[in-house]
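Taking the working numbering, the leading residue of the sequence shown gets 101, the next gets one more, and so forth.
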Amino acid sequence: MNAIHEQFVAEARELIHQATDDLIAVEREGASAERIDRIFRVFHTLKGSAGVVDVAAMAVTLHAAEDLLAAIHGRQLSVTSAMIDQALACLDQVSRWVDAFEASGTVPFEAGEQAQAMALGLRKFLADNAAPQPARSDPGVSENAGDRALPEWVSRLIIAERTRIIGHLQEQPSALVAVSYEPRPGCFFDGDDPLSLMRAVPNLVVFHLRAREAWPPLAGLDPYACNLRLEAVSASTRAELADIFRLVSDQARIIDIPLEALPPERDATSGKRAQTELVRAILEEQRRVLAASTQRDDLTGRLGAAARVAANAVRHCGRADLTPPIEHARDAAFLRADAMPLLSALGQVLASLAPGAQAGPGGDGAVQRTADFATDEPGPAAIRSLRVDERRVDALFNMAGELIVAKNGFAHLAKRIADEIGDHELAAAVKRQHETIERLVGEMHVAILQLRMVPVAQVFRSFPRLVRDMAQRLNKKVALVTRGETTEADKTIVDRLFEPLLHLVRNALDHGIEGPEPRRSAGKAAAATVTLQALRVGDRFIVEVSDDGRGIDPDIVRRKSLEQGVIAADELAALADDQILDLVFAPGFSTAAEVSDISGRGVGMDVVRSAIEQIGGKVSLTSSVGAGTTVRLDLPMNIAMTRIMVVEAAGQVFGIPMDGVTETLRLTPDRISRIKGNDAFVLRDRVVPICPLAGLMKLPKPPGSGSAIRLLVVIEAGGKNVAIEVDAVRDRLEIVLKPLQGLLAKARGYAGTTLLGDGKVLLVLDIKEILP
Numbered sequence: 101m102n103a104i105h106e107q108f109v110a111e112a113r114e115l116i117h118q119a120t121d122d123l124i125a126v127e128r129e130g131a132s133a134e135r136i137d138r139i140f141r142v143f144h145t146l147k148g149s150a151g152v153v154d155v156a157a158m159a160v161t162l163h164a165a166e167d168l169l170a171a172i173h174g175r176q177l178s179v180t181s182a183m184i185d186q187a188l189a190c191l192d193q194v195s196r197w198v199d200a201f202e203a204s205g206t207v208p209f210e211a212g213e214q215a216q217a218m219a220l221g222l223r224k225f226l227a228d229n230a231a232p233q234p235a236r237s238d239p240g241v242s243e244n245a246g247d248r249a250l251p252e253w254v255s256r257l258i259i260a261e262r263t264r265i266i267g268h269l270q271e272q273p274s275a276l277v278a279v280s281y282e283p284r285p286g287c288f289f290d291g292d293d294p295l296s297l298m299r300a301v302p303n304l305v306v307f308h309l310r311a312r313e314a315w316p317p318l319a320g321l322d323p324y325a326c327n328l329r330l331e332a333v334s335a336s337t338r339a340e341l342a343d344i345f346r347l348v349s350d351q352a353r354i355i356d357i358p359l360e361a362l363p364p365e366r367d368a369t370s371g372k373r374a375q376t377e378l379v380r381a382i383l384e385e386q387r388r389v390l391a392a393s394t395q396r397d398d399l400t401g402r403l404g405a406a407a408r409v410a411a412n413a414v415r416h417c418g419r420a421d422l423t424p425p426i427e428h429a430r431d432a433a434f435l436r437a438d439a440m441p442l443l444s445a446l447g448q449v450l451a452s453l454a455p456g457a458q459a460g461p462g463g464d465g466a467v468q469r470t471a472d473f474a475t476d477e478p479g480p481a482a483i484r485s486l487r488v489d490e491r492r493v494d495a496l497f498n499m500a501g502e503l504i505v506a507k508n509g510f511a512h513l514a515k516r517i518a519d520e521i522g523d524h525e526l527a528a529a530v531k532r533q534h535e536t537i538e539r540l541v542g543e544m545h546v547a548i549l550q551l552r553m554v555p556v557a558q559v560f561r562s563f564p565r566l567v568r569d570m571a572q573r574l575n576k577k578v579a580l581v582t583r584g585e586t587t588e589a590d591k592t593i594v595d596r597l598f599e600p601l602l603h604l605v606r607n608a609l610d611h612g613i614e615g616p617e618p619r620r621s622a623g624k625a626a627a628a629t630v631t632l633q634a635l636r637v638g639d640r641f642i643v644e645v646s647d648d649g650r651g652i653d654p655d656i657v658r659r660k661s662l663e664q665g666v667i668a669a670d671e672l673a674a675l676a677d678d679q680i681l682d683l684v685f686a687p688g689f690s691t692a693a694e695v696s697d698i699s700g701r702g703v704g705m706d707v708v709r710s711a712i713e714q715i716g717g718k719v720s721l722t723s724s725v726g727a728g729t730t731v732r733l734d735l736p737m738n739i740a741m742t743r744i745m746v747v748e749a750a751g752q753v754f755g756i757p758m759d760g761v762t763e764t765l766r767l768t769p770d771r772i773s774r775i776k777g778n779d780a781f782v783l784r785d786r787v788v789p790i791c792p793l794a795g796l797m798k799l800p801k802p803p804g805s806g807s808a809i810r811l812l813v814v815i816e817a818g819g820k821n822v823a824i825e826v827d828a829v830r831d832r833l834e835i836v837l838k839p840l841q842g843l844l845a846k847a848r849g850y851a852g853t854t855l856l857g858d859g860k861v862l863l864v865l866d867i868k869e870i871l872p
């Protein structure tokens, strides 16, 4: 994709998220004018961006959404849950088109049909209103007319060419499809060739070419503005025609023709409204032409063309009283060499042609309010930000990591100089320079880490919509509360949080929260509460998911664990209630009575623990029967810097991540026992097995090694404690961990490598992988 397309995709996704959040808030808190105005601006901006990258179907759908929001803002309609559902569905559809556009540079050929269906769904709320606004005949739609009267233009074609159509059907029976193509006035500047497109239509039975609007006097004719309507009947399929007109789907209507169809009488009122909407579309197009470029060399031509097209359009719809303001604004624009006067005048004309606006200039103020609402003037000043490619930040961080390695090497060199020449002035100078470099490198590294810090709101914002939709499916009333959305953590950690949180929220809604009636019987409010909370505790990033549902009964977990073979009966009997609850994270465990498309397969909580441990975190669970459940995710603030313990085993040196280390111990032989053929000891009423690191790494122990006192590093892995026996603990370091590369890239048991101060490579172990 080029830079414009990349910017469109990035901004579209941000706007979709923003509109989704605001729509959910409207349903929860009510439709304030400020929030509706903000949603309208999002849809308006998305529509404009779709026009820039020529995604016509998206513009058709978003235009219908704009009409609905304008009616809500003007207090013609009251917001309902059905409207929110349809608006969210519109955003979902736009999001799918954005994904398709990112992948292939265009949208699927059926996007025109999808756009029409979505536009009809949005406009039905306007049609149901006491003062209905009929749907505009959006040209970019594809309709199925099998169950209703055909549009006037199709009926006219059938009547005018009935003999030819019947003759064709007698010779070659086939289905018939009608197409009406109304090119934009400025289509030639877009590189479109209307006649060439119509020539590409296969099996053409009927073709009519006529003016879309009455031709103006020759002196006022703009030779660069297309004023054609091309209509045809073809014996091909709708899919074939949709593929031909896929790049101009907002300008083409494709309709199946049932053989028994008869053209209905024309509705003059409906035709007038459709004509007005068409003129509004023409005026909006002229505004886009004027705003498309800031170059001065073509400004005069654009001003004249746009003013002529706009004046002709309003005359055609019987509003000649609107032409003087356009002409005056054109003269002012010429004089000032600035398009703003004409842009402003076209905005006021659009407002006067809006549904419900008074025909005359002496309106009651409704026109002015509509114009203010639809203006493109920027809102309050926002915080300025710079969008930077993530790869550039990663490259900067990698260089900072290399600098830290060089700094550690300098520290080793400074120590050698001090050891060799003692208190010499040179040694003192090197030490001072090392301290300065260490300070600057540390400050720079912290600053670069801050570039990677993002608020957890990026993940939290996805859940209001998810909770709303799932609660409706499960017939439950659930309110989502989020706290600490501004808490920041490394982008990699925040990005990886979504899947674990998704499983936790699903489990809370499906298993944890009761239906309205059981909650009332238990003396609770009918509406349950799910809380997402993020906070910072020291150098740790904590995320909690809690609910006020039924809680987890340890007795049920015991029974299910035995039934599903998660744990042996003798081991189960020795576990306390808090240890029993930890079994819900075991692979394959589930308390669900039946499998659904939401949960019940026993993979959710196992995935949560696995995903969190992969990024150096821990998972814990607390629950109270009848009061609810809380799952706590304890994570590092970033995974770029790793704290390790340097240990020695069988003459080799390894690194162990400190995230899992709970303590180190020295034990005498009398505290160690043999349990099931393995050495173990008791630590705070829990049996902890001992695993020699040399044995885990399959290293031969040097002759004569061994000591009566054993040095153990106690590590928590997979919810259990294990003691790793080592020969010595050398150091504790904060390092930049590099993944294994080349032939060792797929080697198991290693988290990565780092360089020590003396230049040696240190292998950092993945303890969970090497444990039996």
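We put the beta carbon where it would ideally sit given N, CA and C, even for glycine.
Buried/exposed call for residue i, threshold 16 Cβ in 10 Å
i: T854; result: buried
i: Y281; result: buried
i: V725; result: exposed
i: G460; result: For G460, the predicted model reports a pLDDT of 45, less than 50, meaning its position is unreliable; a value from the coordinates is still stated below. G460 comes out exposed.
i: P687; result: exposed
i: D293; result: exposed
i: E377; result: buried
Expected contact under 8 Å - CB spacing of residue i and residue j to nearest Å
i: I504; j: H545; result: 6 Å
i: A201; j: A165; result: Here residue 201 turns out to be Phe, not Ala, going by the sequence shown. The pair is not a contact, with the Cβ atoms about 18 Å apart (cut-off 8 Å).
i: H117; j: R561; result: 6 Å
i: D677; j: P654; result: 4 Å
Coil, strand or helix - residue i by DSSP
i: V761; result: strand
i: A474; result: Confidence in A474 is poor, its pLDDT being 37 and thus under 50, which makes the residue's placement too unreliable to answer from.
i: L347; result: helix
i: K868; result: helix
i: K776; result: coil
i: R284; result: coil
i: T592; result: helix
i: A319; result: helix
i: T853; result: strand
i: M553; result: strand
i: I357; result: strand
i: D293; result: coil
i: N821; result: strand
i: H524; result: coil
i: D647; result: strand
i: R766; result: strand
Closest by C-alpha distance to residue i, when choosing among the options
i: A454; options: A300, A381 and P208; result: A381
i: T587; options: R619, V643, R532 and P618; result: V643
i: H173; options: A219, L226, M570 and R430; result: L226
i: V541; options: N498, A439 and D858; result: N498
i: V449; options: A437, C417 and R436; result: C417
i: L765; options: G795, K798, E825 and K776; result: E825
i: V333; options: G320, Y324, V306 and R312; result: V306
i: Q193; options: Q214, S178 and I184; result: Q214
i: D610; options: V578, L549 and E252; result: V578
i: R810; options: P769, D785, K776 and K820; result: P769
i: G212; options: I712, A352 and K868; result: A352
i: L390; options: G447, A851 and V753; result: G447
i: G849; options: G842, A828, P872 and D831; result: P872
i: I715; options: D734, A727, E763 and Q572; result: D734
Backbone CA spacing between residue i and residue j [nearest angstrom]
i: R48; j: V207; result: Limits of the chain in this structure are 101 at one end and 872 at the other, which puts residue 48 out of reach.
i: G479; j: L168; result: Here the model assigns G479 a pLDDT of 42, short of 50, so the residue's position is not dependable, and the following value carries that caveat. Cα-Cα distance, rounded: 22 Å.
i: R532; j: L526; result: 10 Å
i: V788; j: G623; result: 44 Å
i: G509; j: E748; result: 21 Å
i: D494; j: L840; result: 17 Å
i: E261; j: R329; result: 17 Å
i: D595; j: R620; result: 38 Å
i: D137; j: D431; result: 33 Å
i: Q107; j: D489; result: 11 Å
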